[in-house]
Amino acid sequence: MADLTSLASMVEKGKHLETARLTKELLDQGMDPNQILNEGLQKGLLTLGERFKRNECFIPEVLLAARAMHAGMDLLRPLLVGTDAKPLATIVLGTVKDDLHDIGKNMVGMMLEGGGFRVLDVGVNVSPEQFMESVQKEGAAILAMSALLSTTMPYLKTTIEALESKGIRDRVKVLVGGAPVTEEYAKEIGADGYAPDAARAVDEARELLGISA
Ligand code: B1M
């Protein structure tokens, strides 16, 4: 019988087909998709991340694990994303320039959609100019940016400065997050909001727009 430990282990080993099979089995057993995501899929990836830090594994293994994680997330997405007709607001979401990490961003996107927002995901390696263009085109209420590298975090600030110099900073709330980003850093660069994880990104987005729970 499938369990969360085996699921985490399949992600860690980069076995995408097994990950998808176990995810489906756990859903069929009636397990909460959030629990599968946080205690199964994410746990496996983070364990691998720790090994990567200790040089016990290398980029190809991390890529395989990321593919496995996505295979599981694809099955959870329809269950985590709501179907309510009228969205609360539009959010432009992306990972900053020079940064290719998208797993956390995708989780944030799924949770925001599940929380009733329309999310326009502009992808990874997004320049300040691309972010600005999407915000203007979509009339977004929130610009949500993810950064996973200490070397790419400064692009959060560069993007905020670009909004300021274009005279559109006051038209959009800026929400930031990602493993190296802290609440202090978010304040320092002039972001309106920060969230340490995907679930809290939804709470923060609602709060920024004054939407009561
Ligand atoms: Co990269 N990588 N990586 N990597 N990678 C890290 C981030 C690292 C911590 C690993 C390490 O050394 N321990 C390290 C960064 C060190 C640093 O700068 N502080 C690192 C490095 C160095 C690199 C490369 C430079 C390695 C190299 O080439 N030498 C390279 C850079 C490539 C680039 O981007 N230009 C690189 C490449 C890669 C892969 C491509 C192999 C792969 C990414 C695949 C993909 O995303 N499709 C990868 C991965 C998978 C990781 C680790 C192992 C896992 C990241 C992840 O997905 N975590 C990571 C180690 C680790 O984190 N333990 C690591 C799971 C995800 C759910 O968490 O993204 O933190 P996270 O998202 C969380 C929260 O942060 C938050 O919510 C999410 C969950 O609730 N959150 C937000 C995220 N965005 C948010 C936005 C919000 C609010 C909350 O509001 C808008």
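Numbering of the sequence shown is given in the numbering used here, commencing with residue -1 and proceeding in unit increments. Every residue, glycine too, gets a C-beta built ideally from N, C-alpha and C.
In this chain, the beta strand (DSSP E) harbouring Val117 covers 116 to 119. Annotation for Met29: no alpha helix (DSSP H) segment contains it, and DSSP assigns it neither H nor E.
Two segments are said to touch when three or more pairs of C-beta atoms, one from each, lie closer than 8 Å; by this definition the stretch 110 to 127 does not touch the stretch 177 to 190. Collapsing the DSSP output to three states places Met151 in coil. If you keep only unbroken beta strand (DSSP E) runs of at least 3 residues inside the stretch 118 to 186, you get 140 to 144, 171 to 175. Taking the Cβ atoms as the reference, Ala139 lies roughly 6 Å from Thr88, within the contact range of under 8 Å. According to the DSSP assignment, Val90 belongs to the beta strand (DSSP E) that extends over 88 to 93.
At a cut-off of 7 Å, the beta-carbon of Gly42 does not count as near ligand 1: no heavy atom of the ligand is closer than that. When C-alpha distances from Ser163 are compared across Leu110, Glu127, Leu98, the shortest belongs to Glu127. Look at Gly191 here: in three-state DSSP terms it is strand. In the three-state reduction of the DSSP assignment, Lys41 falls in the helix class, which pools H, G and I.
Taking all protein chains shown into account, Ile57 has fewer than 16 neighbouring C-beta atoms within 10 Å of its C-beta and is therefore exposed. Annotated three-state conformation of Lys11 is coil, per DSSP.
One Cα belongs to Pro194, the other to Gly176, and the distance between them is close to 7 Å.
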